[in-house]
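Each remark here refers to the structure printed beneath this line.
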Amino acid sequence: MNAREHAGPVCSAALLFFALLLPPVKHALEASMTMQMLVQIPSLIVVGLFLSRAVPARIDAVLAGWDHHGITGLVLATLAAALWMLPRMLDASIAQPSIAAAKYLSVPLLVGLPFALSWPRMGFIVRGVFLIELIATFFRMGWLYMIWPDRLCNNYLLGDQQRLGKYMVLIGALLLLWIACKLLWGRMDAFVEAPLSRAPDAGVQRLGPHAGS
Amino acid sequence: MPVLRTLAASLVLIVLGGYTLSAATEGFQAFTTETARRIEVREHPVKIPAVELETASGARVDFSGFRGQWLVVDFIYTRCPTYCSALGGEFAQLQDRLAGPLAQGKLRLLSISFDPGRDTPRQLAAYQQRFRWRGPGWLAARPVTADGLRQLERAFGIIVIPDALGGYVHNTAIHLIDPQGRLVEIMDMGKPDQVAHAVLRKLAL
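Going down the list, the protein sequences come from chains A and B.
Sequential numbering from 1 applies to the first sequence in the working numbering.
Sequential numbering from 1001 applies to the second sequence in the working numbering.
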């Protein structure tokens, strides 16, 4: 890839990132727990996905040597994402500028970026485990938010927390439905062609006969 | 080789991630801000700033004027239909259970309004009357300035947010201040027996 091909994704990432930083946008997205967890944090992950497309193939090849089947990237993304699932961190990211900066930097760079780089390297089993665990997390946290009698975040109302719980269970159910359809009528390998893979030719290469092993 | 390198890199990440998560949860104990502030206060007592208050009788007192006494503090707004009513009832019960030290002046109960615009001394007095106020051991007061309120909220870790009904939602708890003016313990509401017990134990030390 040459510099011009990198410019597109970098621009998209920068545009989205600075849009999320705009005080009215930031304020609106942090006004409810539902918006922060289902819009703000996912959007920051998308910034990382855009950035991954600007990583030169040379560097990606070096990373691949440390990222067998995408495991290392998945571990990093999972751990960093776990931090931003703590109700305490959601509160702190509103009240403390240093924690807000940590959120705005770590979610794109330690969740979205490593995940997007590792996804093409993951085989059928790793992807399957990841997706099932993702769905289970939506169900577990959604259920918790729906039934928990007290507010988990000091900055958010109980009704907001319960609404978030319902949405998370719904998202989990939709993901499950989508995967069930894939398993019944599609091939899991076809995920490699998903928009996450960075370059079409690289995708085809990874699609080789051992991609799913 | 890539397998071994991946294993090594993943292990390093798991150790670092585990350390970070442990630090962010006070050793996997505090997942919410409420639990965290209870643990933090117990380990590092917080000095309460000398904020000026106006009491239900209209008198002005400085927070530093309570030095030498233990203080049991809660945060309220008098229009509150839910938690603050419960807190008011709880303070009424504490008046009975802690009658001894309250009469000796070793201890005071203090309800601070975070809605000073509406909670005039008259409103504060009416609030106390609703909950069987019986003597000067229980003060209700409002911060005199908006800045004073902010300082208190920050020191105590109180977060007040508007609810959908024109009122407020806030983290409710019972706070214990030592005679040096430091916040040393935060307790759950709804358990007046435990609060009374904890206060008596501190007084006996």
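Here a beta-carbon is modelled for each residue, glycine too, at the ideal position from N, C-alpha and C.
Residue i versus chain B: which residues are under 9 Å apart at the beta carbon?
{"i": "valine 10/A", "result": "Under the 9 Å cutoff, chain B gives no residues; its nearest Cβ is about 26 Å from valine 10/A."}
{"i": "leucine 65/A", "result": "The displayed chain sequence assigns glycine, not leucine, to residue 65/A. Within 9 Å Cβ-Cβ: Met1001, Pro1002, Arg1005 and Thr1006."}
{"i": "leucine 83/A", "result": "Gly1017, Thr1020, Leu1021 and Ala1024"}
Rank the options by C-alpha distance to the C-alpha of residue i and give the top, closest one.
{"i": "histidine 1170/B", "options": "Asp1178/B, Ala1141/B, Trp1138/B and Asp1115/B", "result": "Asp1115/B"}
{"i": "glycine 65/A", "options": "Leu29/A, Lys26/A and Arg121/A", "result": "Arg121/A"}
{"i": "glutamine 161/A", "options": "Ala173/A, Gly172/A and Ile147/A", "result": "Ile147/A"}
{"i": "leucine 74/A", "options": "Ser1010/B, Met1001/B, Leu1053/B and Ala1196/B", "result": "Ser1010/B"}
{"i": "glutamate 1153/B", "options": "Val1061/B, Leu1007/B and Ile1076/B", "result": "Ile1076/B"}
{"i": "alanine 95/A", "options": "Thr1033/B, Arg1118/B and Arg1130/B", "result": "Thr1033/B"}
{"i": "arginine 1134/B", "options": "Phe1091/B, Pro1002/B and Ile1174/B", "result": "Phe1091/B"}
{"i": "arginine 1060/B", "options": "Ala1196/B, Gln1151/B and Val1051/B", "result": "Val1051/B"}
{"i": "glycine 1181/B", "options": "Thr1145/B, Val1195/B and Lys1047/B", "result": "Lys1047/B"}
{"i": "isoleucine 1014/B", "options": "Ala77/A, Ala100/A and Gly159/A", "result": "Ala77/A"}
{"i": "tryptophan 1138/B", "options": "Gln1194/B, Gly1088/B, Ala1155/B and Val1160/B", "result": "Gly1088/B"}
{"i": "alanine 31/A", "options": "Ile99/A, Ile132/A, Asn155/A and Phe18/A", "result": "Asn155/A"}
{"i": "valine 1003/B", "options": "Gly70/A, Leu164/A, Ile135/A and Leu83/A", "result": "Gly70/A"}
{"i": "alanine 1103/B", "options": "Thr1120/B, Ser1064/B and Trp1070/B", "result": "Trp1070/B"}
{"i": "valine 1041/B", "options": "Phe1156/B, Tyr1168/B, Ala1198/B and Thr1172/B", "result": "Phe1156/B"}
{"i": "leucine 176/A", "options": "Phe130/A, Phe17/A and Ala82/A", "result": "Phe130/A"}
{"i": "glutamine 1093/B", "options": "Arg1201/B, Leu1200/B, Lys1191/B and Ala1198/B", "result": "Lys1191/B"}
{"i": "arginine 1067/B", "options": "Ala1196/B, Leu1176/B and Leu1200/B", "result": "Leu1176/B"}
{"i": "glutamine 1095/B", "options": "Gly1166/B, Glu1043/B, Gln1129/B and Thr1078/B", "result": "Gln1129/B"}
{"i": "proline 1081/B", "options": "Leu1165/B, Val1199/B and Ala1024/B", "result": "Leu1165/B"}
{"i": "glutamate 1054/B", "options": "Ile1159/B, Thr1035/B, Ser1022/B and Ser1111/B", "result": "Ser1111/B"}
Quick one: what does DSSP say residue i is sitting in, helix, strand or coil?
{"i": "methionine 35/A", "result": "helix"}
{"i": "proline 114/A", "result": "helix"}
{"i": "histidine 1044/B", "result": "coil"}
{"i": "alanine 1141/B", "result": "strand"}
{"i": "leucine 1071/B", "result": "strand"}
{"i": "threonine 1055/B", "result": "strand"}
{"i": "aspartate 150/A", "result": "coil"}
{"i": "aspartate 67/A", "result": "coil"}
{"i": "tyrosine 156/A", "result": "coil"}
{"i": "proline 1162/B", "result": "strand"}
{"i": "phenylalanine 130/A", "result": "helix"}
{"i": "glutamate 1185/B", "result": "strand"}
{"i": "valine 192/A", "result": "At valine 192/A the pLDDT is 48, less than 50, meaning the model places this residue with poor confidence; the figure from the coordinates comes in the next sentence. Three-state result, valine 192/A: helix."}
{"i": "leucine 86/A", "result": "coil"}
{"i": "phenylalanine 17/A", "result": "helix"}
{"i": "arginine 163/A", "result": "helix"}
{"i": "aspartate 1178/B", "result": "coil"}
{"i": "tyrosine 1077/B", "result": "coil"}
{"i": "valine 47/A", "result": "helix"}
{"i": "leucine 144/A", "result": "helix"}
Along chain B, in chain order, which residues have C-beta atoms closer than 8 Å to that of residue i?
{"i": "methionine 89/A", "result": "Ala1024"}
{"i": "threonine 72/A", "result": "Thr1006, Ala1009, Ser1010 and Leu1013"}
{"i": "alanine 57/A", "result": "Under the 8 Å cutoff, chain B gives no residues; its nearest Cβ is about 17 Å from alanine 57/A."}
Would the beta-carbon of residue i fall within 9 Å of that of residue j?
{"i": "arginine 88/A", "j": "phenylalanine 1031/B", "result": "yes"}
{"i": "arginine 1108/B", "j": "alanine 1056/B", "result": "no"}
{"i": "arginine 1005/B", "j": "histidine 68/A", "result": "yes"}
{"i": "leucine 1203/B", "j": "lysine 1106/B", "result": "yes"}
{"i": "glycine 142/A", "j": "leucine 170/A", "result": "yes"}
{"i": "leucine 29/A", "j": "glutamine 40/A", "result": "yes"}
{"i": "leucine 51/A", "j": "alanine 80/A", "result": "no"}
{"i": "proline 1049/B", "j": "aspartate 1178/B", "result": "no"}
{"i": "alanine 116/A", "j": "glycine 48/A", "result": "yes"}
{"i": "leucine 44/A", "j": "proline 108/A", "result": "yes"}
{"i": "isoleucine 1161/B", "j": "valine 1073/B", "result": "no"}
{"i": "alanine 1146/B", "j": "leucine 1124/B", "result": "no"}
{"i": "leucine 113/A", "j": "valine 55/A", "result": "yes"}
{"i": "arginine 58/A", "j": "histidine 6/A", "result": "no"}
{"i": "leucine 86/A", "j": "alanine 1024/B", "result": "yes"}
Using a C-beta to C-beta distance shorter than 7 Å, which residues of chain B count as neighbours of residue i?
{"i": "valine 75/A", "result": "Ser1010, Leu1013 and Ile1014"}
{"i": "histidine 68/A", "result": "Pro1002, Val1003 and Thr1006"}
{"i": "leucine 86/A", "result": "Ala1024, Thr1025 and Phe1031"}
{"i": "leucine 152/A", "result": "Thr1032"}
So which residues on chain A does residue i lean against when the C-beta distance must stay under 7 Å?
{"i": "aspartate 1163/B", "result": "Leu157"}
{"i": "glycine 1017/B", "result": "Leu79"}
{"i": "valine 1169/B", "result": "Leu157"}
{"i": "alanine 1036/B", "result": "Arg88"}
{"i": "isoleucine 1159/B", "result": "Asn154 and Asn155"}
May I ask you to check if the CB of residue i is nearer than 8 Å to at least one heavy atom of the ligand ADP?
{"i": "histidine 6/A", "result": "Within the structure as shown, the ligand ADP is missing, as the structure has no ligands at all."}
So that I know if they touch, is there some Cβ in chain E lying closer than 9 Å to that of residue i?
{"i": "leucine 1149/B", "result": "Of the chains in the structure shown, none is chain E; the protein chains are A and B."}
Legend entry - Cβ contact (3+ pairs, closer than 8 Å) linking the stretch 171 to 188 of chain A and the stretch 1180 to 1197 of chain B: For the pair of segments examined, the stretch 171 to 188 of chain A was found not to touch the stretch 1180 to 1197 of chain B: the number of CB pairs separated by less than 8 Å stays below three.
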